[in-house]
Amino acid sequence: MINDMSAGYIWTIIIVLGVGTYLIRFSFLGLIGGKDLPEWVLRHLRYTAVAVLPGLVAPLVLWPAANGGDVEPARLSAALVTFAVGLLTRNVVAAITLGGVTLFGMIWLLGAY
Amino acid sequence: MSGATQKSYYWLGFRTGVPFLLVVVPFGLLFGVIATEAGFTSIQTMAFSSVVFAGAAQFTALQLMAEDAPFLIIIATALAVNLRMAMYSASLAVWLGKAPLWKRALIAYVNVDQSYAVSINRFEDEPDLTLSQRISFFFGAVTPVCPMWIVATGLGIWVGDTIPDWMALDFAVPICFLAIIAPMMRTLAHMIAAVVSIVLALALAGLPYNLGLLVAAAVAMIVGAQVEILMDRRAAK
Chain B
1026 MINDMSAGYI
1036 WTIIIVLGVG
1046 TYLIRFSFLG
1056 LIGGKDLPEW
1066 VLRHLRYTAV
1076 AVLPGLVAPL
1086 VLWPAANGGD
1096 VEPARLSAAL
1106 VTFAVGLLTR
1116 NVVAAITLGG
1126 VTLFGMIWLL
1136 GAY
Chain L
-8 MSGATQKSYY
2 WLGFRTGVPF
12 LLVVVPFGLL
22 FGVIATEAGF
32 TSIQTMAFSS
42 VVFAGAAQFT
52 ALQLMAEDAP
62 FLIIIATALA
72 VNLRMAMYSA
82 SLAVWLGKAP
92 LWKRALIAYV
102 NVDQSYAVSI
112 NRFEDEPDLT
122 LSQRISFFFG
132 AVTPVCPMWI
142 VATGLGIWVG
152 DTIPDWMALD
162 FAVPICFLAI
172 IAPMMRTLAH
182 MIAAVVSIVL
192 ALALAGLPYN
202 LGLLVAAAVA
212 MIVGAQVEIL
222 MDRRAAK
């Protein structure tokens, strides 16, 4: 938990992230206007989201803190269902819904709580 | 369609944006709940959502803060999550680059995944739209989504502790992320980049300062770009 972080530290993170994010969003719209970017830059930018987010999620799925960092069947199956539904339907809402149903269904079946 | 007024393009954008409330509201609510639980004050949580205004990066930062990652790693990783917006910015600039600076400044602030996706689809489908029709459509599309992101965060703070354990709220973040990632698997290059990211992030989980994720992301990005080149070459043959 973040209890031991000072308010100043949290505010610094908020402000630096806010300014950084804004500069990223403004970058080409603001400074370059309509001009084209070099193709190799665009080619790398196309993969930023799929390069960061899966790596961020993988440990949370395989080693959930709620289970002391061990594989937990309800969470693992919910993750697989969410991803499969998202892949097949390309529908974010459907994926979240069915993933949630799987999670609660499995928790109920396993009597985890 | 191209004869339609500016106002009707605003409402067309608005209607196109409405379904995204189904994603934005639960995601914002969740951020409110989790940030509060992690020890943020209500004001800090609201400021986070309104200043940074980027769900995935906010959750990333929160997660790394909870893991006691160092300051620079938190900033670098969360900003890396947002790097995709540089791509949005570049591709929107092609269509909106001639707008006055203050409008471009505002467009940049509210440029989120959903508004970008529906706007760029519309601009490419109807390349004859005037600049003001495009701007109207864009602002129409963000109107239902953006204010509700902040309202939903507030709701999350308010609901906060009343959410019981069996709701397994810890797992709402991975589920949201997975639901966002899955539809991004458009090409073989995207899939390979994602697999590289997962494998390296797991393999390097032991690196100090949560450097593993940053290394995994950088390598995955390069691999994705290289696979794309290979596939293009193969297609050209």
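Chains B and L are the protein sequences, given in the same order. Quick note: the first sequence uses the working numbering, first residue 1026, plus one each step. Quick note: the second sequence uses the working numbering, first residue -8, plus one each step. Glycine included, every Cβ here is placed at the ideal spot set by N, Cα and C. Bear in mind that the values here come from a model prediction, so they are computed numbers and not experimental data.
With a threshold of 8 Å between beta-carbons, can residue i be considered close to chain B, or not?
i, result
"SER33 of chain L", "no"
"ARG125 of chain L", "no"
"SER119 of chain L", "For the sequence presented, residue 119 of chain L should be read as Asp rather than Ser. Not one chain B Cβ lies under 8 Å of ASP119 of chain L."
"ASP161 of chain L", "yes"
"PRO135 of chain L", "no"
"MET56 of chain L", "yes"
"PHE130 of chain L", "no"
"PHE168 of chain L", "yes"
Applying the criterion that 16 or more other CB atoms from any shown protein chain within 10 Å of the CB defines a buried residue, is residue i buried or exposed?
i, result
"ASP104 of chain L", "buried"
"ARG6 of chain L", "exposed"
"GLU219 of chain L", "buried"
"ASN112 of chain L", "exposed"
"GLY1136 of chain B", "exposed"
"THR1037 of chain B", "exposed"
"VAL133 of chain L", "buried"
"GLN49 of chain L", "buried"
"GLY1094 of chain B", "exposed"
"TRP86 of chain L", "buried"
"ARG225 of chain L", "exposed"
"ALA211 of chain L", "buried"
"SER106 of chain L", "buried"
Counting only C-beta atoms, is residue i closer than 8 Å to chain L at any point?
i, result
"SER1031 of chain B", "no"
"LEU1085 of chain B", "yes"
"ALA1074 of chain B", "yes"
"LEU1134 of chain B", "no"
"SER1052 of chain B", "yes"
"VAL1082 of chain B", "yes"
"LEU1042 of chain B", "yes"
"VAL1077 of chain B", "yes"
Can you tell which of the options has the C-alpha that lies nearest to the C-alpha of residue i?
i, options, result
"GLY1080 of chain B", "L:ILE220, L:ARG225, L:ASN201, L:VAL85", "L:ASN201"
"ALA38 of chain L", "B:THR1107, B:VAL1044, B:LEU1105", "B:VAL1044"
"VAL24 of chain L", "L:GLY147, L:LEU83, L:ILE141", "L:GLY147"
"LYS94 of chain L", "L:PHE130, L:ALA67, L:PHE114", "L:PHE130"
"VAL101 of chain L", "B:GLY1033, B:LEU1048, B:SER1031, B:ALA1032", "B:LEU1048"
"LEU1042 of chain B", "L:PRO10, L:GLY8, L:MET56", "L:MET56"
"ILE1132 of chain B", "B:PRO1098, B:GLU1064, B:SER1052", "B:PRO1098"
"ALA45 of chain L", "L:ALA209, L:PHE168, L:ARG177, L:ALA227", "L:PHE168"
"VAL1096 of chain B", "B:TRP1088, B:LEU1070, B:ARG1068", "B:TRP1088"
"PHE22 of chain L", "L:GLY8, L:GLN54, L:GLN(-3)", "L:GLN54"
Are residue i and residue j close, meaning C-beta to C-beta below 8 Å?
i, j, result
"ALA159 of chain L", "VAL16 of chain L", "no"
"ALA90 of chain L", "LEU122 of chain L", "yes"
"ILE1040 of chain B", "GLN35 of chain L", "no"
"VAL1082 of chain B", "PRO174 of chain L", "no"
"ALA1120 of chain B", "GLY1111 of chain B", "yes"
"GLY1055 of chain B", "ILE166 of chain L", "no"
"MET76 of chain L", "ARG1115 of chain B", "no"
"SER127 of chain L", "GLY4 of chain L", "yes"
"VAL43 of chain L", "THR1127 of chain B", "no"
Using a C-beta to C-beta distance shorter than 7 Å, which residues of chain D count as neighbours of residue i?
i, result
"PHE39 of chain L", "This model lacks chain D altogether, as its protein chains are B and L."
Within the present structure, is the beta-carbon of residue i separated from the nearest heavy atom of the ligand HEM by less than 7 Å?
i, result
"ALA96 of chain L", "This structure does not include the ligand HEM; it has no bound ligands of any sort."
Going along the stretch 63 to 83 of chain L in order, which residues come within less than 7 Å of chain B, judged by CB to CB distance? ILE65, ILE66, ALA69, LEU70, ALA71, VAL72, ASN73, LEU74, ARG75, MET76, ALA77, MET78, SER80, ALA81, LEU83
Listed in chain order, which residues of the stretch 1113 to 1127 of chain B have Cβ atoms closer than 7 Å to some Cβ of chain L? ARG1115, VAL1117, VAL1118, ALA1120, ILE1121, GLY1124, GLY1125
Counting only Cβ-Cβ distances shorter than 8 Å, please list the residues of the stretch 92 to 113 of chain L near chain B, keeping chain order. LEU92, ARG95, ALA96, ILE98, ALA99, TYR100, ASN102
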